[in-house]
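Each protein sequence line maps, in turn, to chains R and G.
Counting with my numbering, you get residues 110 to 414 for the letters of the first sequence.
Counting with my numbering, you get residues 39 to 616 for the letters of the second sequence.
Where is the CB? At the ideal position from N, CA and C, for every residue including glycine.
Remember, predicted model here, so these are calculated numbers, not experimental data.
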Amino acid sequence: MVKEITVSIFRYDPESDKHPSYQTYSVPSKERMLVGDVLEYIHENLDGSLAYRWECRMRLCGGCTILINGKPGLICREQAEPSMTLEPLPFLPIVRDLVVDRKSLLDKIYSVPPLTRQKSPVRLPEPIAHEVILGLRVPRQCVQCLACVAVCPATEVLTADLFLPPKLIQIAGFAIDDRDTVDRVQESEESNLFDCACCHACEEVCPHEINISEKVITALRNKTYEHGIGRGGRYIKAFYDTLQAKGKVNASGILLRSQGYLRAIMKAPQGIRLIARGKFVSPFGKPIPDIEDIRTIIGPTEQEK
Amino acid sequence: MRRDYTTIATDVLIIGAGAAGLRAAVEAGRKGVKVIILNKASFPSGSSNISGGNMQASFGWVAGDTKENHFRDTVLSSKYLCDQSLVEILVEEAAQRIFDLEEFGVLFSRTTPDRYAQTMGGGFTVPRSVMVGGRCDDVLRVLYKTATGYGARMYEQVMATDLLRNQDGAVIGATAIDIVTGNFMFFKARSTILANGPCGRLFKITANTRSATGDGFAMAYRCGAKLVNMEFMLFLPLGFIYPEFMKGVVLGELSSFGENTKALNVLGERFMQKYAPETMEKSTRDISSRASYLEIMEGRGTPSGGIIIDNSMNNLKESENGPVRNVSYYRIIRDCLGGDTANMKDLLEATPTALYCLGGIKINKRCETSVPGLYAAGEAEANLHGANRLAGNSVIETQVFGTRAGYYAADYAAGVTTPTPDPVELINHEYEQSRSAFDGRSGFKPIQLKKEIQDIMWNKVGIVRNGEGLIAAIRELEGIRQDKMPALYLSSASKRYNYEWVEAMEVDNMITVTEIMSRCALMRQESRGAHYRSDFSETDNANGLYESMTLNQNGTVQLSKEPLNTSKMIPEDAGPDG
């Protein structure tokens, strides 16, 4: 008896259908079947009206990403399962069935300015160490398949207008390039770099196995600390300085140091509520008794260095 | 009555959005003209996007690396069938185009900080190919950003259907269909560049992308441009055989695994012994492809229809990136066939696969075709490679000739001053034609005809051809055109992302190009480079040194044999194997 794959597929033509629906197909199962095989079988034998997209089969066009049992994946990469539900990527307008209009997001991603030098290279090849090139290539492996966008909780909460992992990946590609002169710190802060929750969900679905937390998020955050400017940079510096000064984390102290007195005063109602509940810790309190031990552990301050 | 269509005017229209089209867009954009790029797929796409990204150029850094050697290697590999004036341009301008790419932001691998790493390939005198880390997609993104920076605009998922000409015979743009909405469009242009060459999808097994159905060749032919050397199709020996979806995707090169790779048939024989006892598995890719194809066609393939690659004697070391040099290939093999196969501990099944069309639209040094206002670049254009192509000469071709096409097409556009009114009648005709697929109610689905064509091409116009088979193929293709194509029908009447509709238009192009390819192959009664005739298995320098020319003569394919441009190297010293 031929084993079968049961696949339930999202169907919707915005021009003629009032609501989306799901259609179930049975596809004979074979050894080594990709999701792409299942869709091609349907296209060739069962239903030529089903719309889905693929192009390169080598994970390089990024155009065939769909939700497979709720998880984003490329149909040229993911193995078929005996029972599957296939749906279009979320967040995006549906063209038809599994095909979405990616343009709005891609335009945002490609809006990141390219490598911009101060002046044209005087001499080519430009002197760059090969090891540096290897590092620079990591974020540049991203093919904008948008799988990470579909699993990112920050994108879900903030919307893709405010938080797009592939945009940060693009920025990272240039931020670590010493030849580049665009202010990538400001660019990444404007792209809400510090809203990443470091949950690693993006890495689990990335078809090119890019270490996004380390090579993108951490790399960019380090860059902002180096500059000590911007929301994130100031916050981290304040956190560190507070620990240095008092030996423990102190919310009001961090607030004062990172936002300044004026902005801190605007948070006064929150402070009063904390005082009422007995949870307010004064930013001007004494350091803990073993402060020197703490300072030994976390190292000297910038000035002391 | 004017049909419902949108007119979009531009100076330069570029059809095709791979490395050639984008490079042309950069160059034309730099000259300050308005540029529109049509992309049948969505960005990034095209053959260059999935290529290894190796590009040949002579920098003169190592002994023996001269432009003359690059020229000589290319001409010898072409078996003298290339246009030497184009090869001269290639070797002259290659290095500068690499520097351009670096200036745009591409990262080439280095040996020392100011020297590019250069790799060897079959038929090279010295290592010459620069690399972008085994992938080329970043080159496309860099070019895209550069082109859009100069104001070029890309229309994605828009398939050009035909080129239109004015009374003087000059091309004035193209009609197109927006695949997403189904809307009909007329892109009115002062000059047009065809950069949509790839046609691997004419064959059952190919490494090419879904869109590679030879649309550019068919459009050029229909509007009267000359095509040359269309019998030459390059195949690679090692493609995926399963999963079915991956059939034909490149697995790697025989030489990339190690010194002791064995290619076996189902009987366990090292079959290269029969075909190339001296070079065995290290033979050039045309010879290895041919040997594998013959083994499979003669019934000595595996049940899945492939040959077997045994790497167990290579003592390959496992590493994070796998034992093969290219990590992308490694990961694809690992995910599709398992870790042991990817680490080359298990046997690997493989099939030859269609890679690259060596023939194409005839151009001169300015990338002008034989039709005024029409230019060609990249795989669409010919004749740079003749009967066989060196690895690493195709991506650099996109850069050298893309640049030229963009430059001269922009010049031409600036010289066109008279405004062209919409040729409403022609557009209406194209409109009707494109929508005729919706009229059928029963008969054949486009995918059925596509598969029939691909089977015919693979079996009869594939890696090994013979007169009888070619005649049969021409007859069968004609049968499809006459009897089956009028009986096409689509499953859905929707015009939104209806890929069957796209396929119906593709089938039309495929029939045109396959007929040309089969007829050219039938005319060439010899074996040379990628073209192998079992009934004429020898290279015939007395009769074979010609460029085969195809021209549309009122709807019928007219063939002729044209003299070769052998301005620098004469074929006298060409042995039977070049």
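Task: For G244(R) and G394(R), the rounded distance between their alpha carbons - done: Counted from its first residue, the first sequence places residue 394(R) at position 285. Counted from its first residue, the first sequence places residue 244(R) at position 135. Cα to Cα, G394(R) sits roughly 45 angstroms from G244(R).
Task: Local conformation of K78(G) per DSSP, three classes - done: Stepping through the second sequence from its first residue, residue 78(G) is reached at position 40. Reduced to three states, the DSSP call for K78(G) is coil.
Task: Three-way DSSP call (helix, strand, coil) for G591(G) in this model - done: The count along the second sequence starts at 1 and reaches residue 591(G) at position 553. The residue asked about is misnamed: residue 591(G) is Gln in this sequence, not Gly. In the structure shown, Q591(G) sits in a strand (DSSP, three-state: E or B).
Task: Meets three-Cβ-pair contact criterion under 8 angstroms: the region 102-109 of chain G and the region 487-497 of chain G - done: no
- [ ] Could you name the residues of chain R that F270(G) contacts, counting a contact when the two beta carbons are closer than 7 angstroms?
- [x] Along the second sequence, one-based indexing puts residue 270(G) at 232. Ordered by position in chain R, no residue passes the 7 angstroms Cβ test against F270(G), which lies about 24 angstroms from the chain.
- [ ] Report yes or no: do the region 437-444 of chain G and the region 456-467 of chain G share at least 3 C-beta pairs separated by less than 8 angstroms?
- [x] no
Task: Whether S605(G) touches Q156(G) by CB criterion (8 angstroms) - done: As a first step, residue 605(G) is located in the second sequence; it is residue number 567 there, counting from the start. As a first step, residue 156(G) is located in the second sequence; it is residue number 118 there, counting from the start. It is not a contact, given that the beta carbons lie outside the stated cut-off.
Task: CA-to-CA distance, Y535(G) to A429(G), given in whole angstroms - done: As a first step, residue 429(G) is located in the second sequence; it is residue number 391 there, counting from the start. As a first step, residue 535(G) is located in the second sequence; it is residue number 497 there, counting from the start. The alpha-carbon atoms of A429(G) and Y535(G) are separated by roughly 36 angstroms.
Open item on the list: By the 7 angstroms beta-carbon criterion, what residues does the region 278-308 of chain G contribute toward chain R?
Closed with: Y280, P281, E282, F283, M284 and V287
Open item on the list: For Y150(R), which residues in the same chain have their Cβ closer than 8 angstroms to its Cβ, ignoring the five residues on either side in sequence?
Closed with: Walking along the first sequence from the start, residue 150(R) turns up at place 41. If we look at Y150(R) and ignore the five residues flanking it on each side, its Cβ neighbours are V136 and P137.
TODO: Please list the residues of the region 141-157 of chain R that have a C-beta atom closer than 7 angstroms to any C-beta atom in chain G, keeping them in chain order.
DONE: The residues in question are R141, M142, L143, G145, D146, E149, H152, E153, D156 and G157.
- [ ] With a threshold of 16 other CB atoms inside 10 Å of the CB of G250(R), please say whether the residue is buried or exposed.
- [x] Indexing the first sequence from 1 puts residue 250(R) at position 141. Looking at the sequence shown, residue 250(R) is not Gly but Gln. Under this definition Q250(R) is a buried residue.
Open item on the list: If I follow the unbroken beta strand (DSSP E) through I608(G), where does it start and stop?
Closed with: As a first step, residue 608(G) must be located in the second sequence, where it is residue number 570. Looking at the DSSP string, I608(G) is not in any beta strand (DSSP E), and its letter there is neither H nor E.
- [ ] Note down, in chain order, every chain G residue with its Cβ under 7 angstroms from the Cβ of E235(R).
- [x] Locating residue 235(R) in the first sequence gives position 126, where the first residue counts as 1. Within 7 angstroms Cβ-Cβ: E140.
TODO: State the Cα-Cα distance for the pair Q471(G) and R519(G), rounded to the nearest angstrom.
DONE: Residue 471(G) sits at position 433 when you count from the first residue of the second sequence. Residue 519(G) sits at position 481 when you count from the first residue of the second sequence. Taking the straight line from one Cα to the other gives about 15 angstroms.
- [ ] Look up M271(G) in the DSSP assignment and say whether it is helix, strand or coil.
- [x] Taking the first residue of the second sequence as 1, we reach residue 271(G) at position 233. Here M271(G) sits in strand by DSSP.
- [ ] Could I get the ranges of all uninterrupted beta strand (DSSP E) runs contained in the region 332-369 of chain R, with 3 residues as the minimum, in chain order?
- [x] none
TODO: Take G182(R) as the anchor and find which of Q188(R), T174(R) and A189(R) has the nearest alpha-carbon.
DONE: As a first step, residue 182(R) must be located in the first sequence, where it is residue number 73. G182(R) has its Cα closest to that of T174(R), out of Q188(R), T174(R) and A189(R).
TODO: Look at D477(G) and F222(G) and say whether their C-beta atoms are less than 8 angstroms apart.
DONE: By 1-based counting over the second sequence, the position of residue 477(G) is 439. By 1-based counting over the second sequence, the position of residue 222(G) is 184. Taking 8 angstroms as the Cβ cut-off, D477(G) and F222(G) do not qualify as a contacting pair.
- [ ] Could you please give the first and the last residue of the uninterrupted alpha helix (DSSP H) stretch that includes V147(R)?
- [x] The count along the first sequence starts at 1 and reaches residue 147(R) at position 38. That run of the alpha helix (DSSP H) goes V144 to Y150.
TODO: Return yes when the Cβ of A452(G) is within less than 8 angstroms of the Cβ of C405(G), no when it is not.
DONE: As a working mapping, residue 405(G) is identified with position 367 in the second sequence. As a working mapping, residue 452(G) is identified with position 414 in the second sequence. Cβ atoms of C405(G) and A452(G): not closer than 8 angstroms.
Task: Residue-level contact to chain R via CB, S60(G), 8 angstroms cutoff - done: Here residue 60(G) is taken as the residue at index 22 of the second sequence, counted from 1. Per the sequence presented here, residue 60(G) reads as Leu, with Ser not at that position. No - not a single Cβ of chain R is within 8 angstroms of the one on L60(G).
Task: Any non-hydrogen atom of the ligand NAP within 7 angstroms of V180(G) CB - done: Of ligands this structure carries none, so the ligand NAP is not represented either.
Task: Backbone secondary structure at Q94(G) - three-state DSSP - done: Numbered from its first residue, the second sequence carries residue 94(G) at position 56. Q94(G) falls in the strand class under three-state DSSP.
Task: Members of the region 473-484 of chain G near chain R, C-beta cut-off 9 angstroms - done: K483 and P484
- [ ] Would you tell me roughly how many angstroms separate the C-alpha atoms of E296(R) and S220(R), rounded to the nearest one?
- [x] As a first step, residue 296(R) is located in the first sequence; it is residue number 187 there, counting from the start. As a first step, residue 220(R) is located in the first sequence; it is residue number 111 there, counting from the start. Between E296(R) and S220(R), the C-alpha separation is close to 11 angstroms.
Open item on the list: Checking the sheet assignment: what are the DSSP bridge partners for A214(G)?
Closed with: In the second sequence, counting from the first residue as 1, residue 214(G) sits at position 176. For A214(G), which the question treats as bridged, DSSP gives the partners A198(G) and M223(G).
TODO: Would you be able to state if there are at least three C-beta pairs under 8 angstroms between the region 163-182 of chain G and the region 113-130 of chain G?
DONE: no
Open item on the list: Let me see if you follow: with CB-CB separation under 8 angstroms, is T441(G) close to chain R or not?
Closed with: As a working note, residue 441(G) is residue 403 in the second sequence. Not closer than 8 angstroms to any Cβ of chain R, the Cβ of T441(G) fails to qualify, so no.
Task: Minimum C-alpha distance to C374(G) - residue among N331(R), A189(R) and Y334(R) - done: Numbered from 1 along the second sequence, position 336 holds the residue referred to as residue 374(G). Comparing C-alpha distances from C374(G) to each of N331(R), A189(R) and Y334(R) shows the shortest one belongs to A189(R).
Open item on the list: According to DSSP, simplified to helix, strand and coil, what is D373(G)?
Closed with: Within the second sequence, the letter at position 335 stands for residue 373(G). If DSSP states are grouped into helix, strand and coil, D373(G) belongs with the helices.
Task: 9 angstroms Cβ cut-off: residues of chain G touching I242(R) - done: In the first sequence, counting from the first residue as 1, residue 242(R) sits at position 133. Under the 9 angstroms cutoff, chain G gives L145, F146, S147, R148 and G171.
- [ ] Could you tell me whether any Cβ in chain R is nearer than 8 angstroms to the Cβ of E387(G)?
- [x] The residue given as residue 387(G) occupies position 349 in the second sequence. Answer no: the Cβ-Cβ gap between E387(G) and chain R never drops below 8 angstroms.
TODO: Look up D348(G) in the DSSP assignment and give the residues it is bridged to.
DONE: Taking the first residue of the second sequence as position 1, residue 348(G) is located at position 310. D348(G) is bridged to K300(G).
- [ ] For the region 387-402 of chain R and the region 160-173 of chain G, state whether three or more C-beta atom pairs, one from each stretch, are separated by less than 8 angstroms.
- [x] no
Open item on the list: Restricting to Cα atoms, I'd like to know which of P461(G), M607(G), A414(G) and S529(G) is closest to K483(G).
Closed with: The residue you call residue 483(G) lines up with position 445 of the second sequence. Answer by Cα proximity: S529(G).
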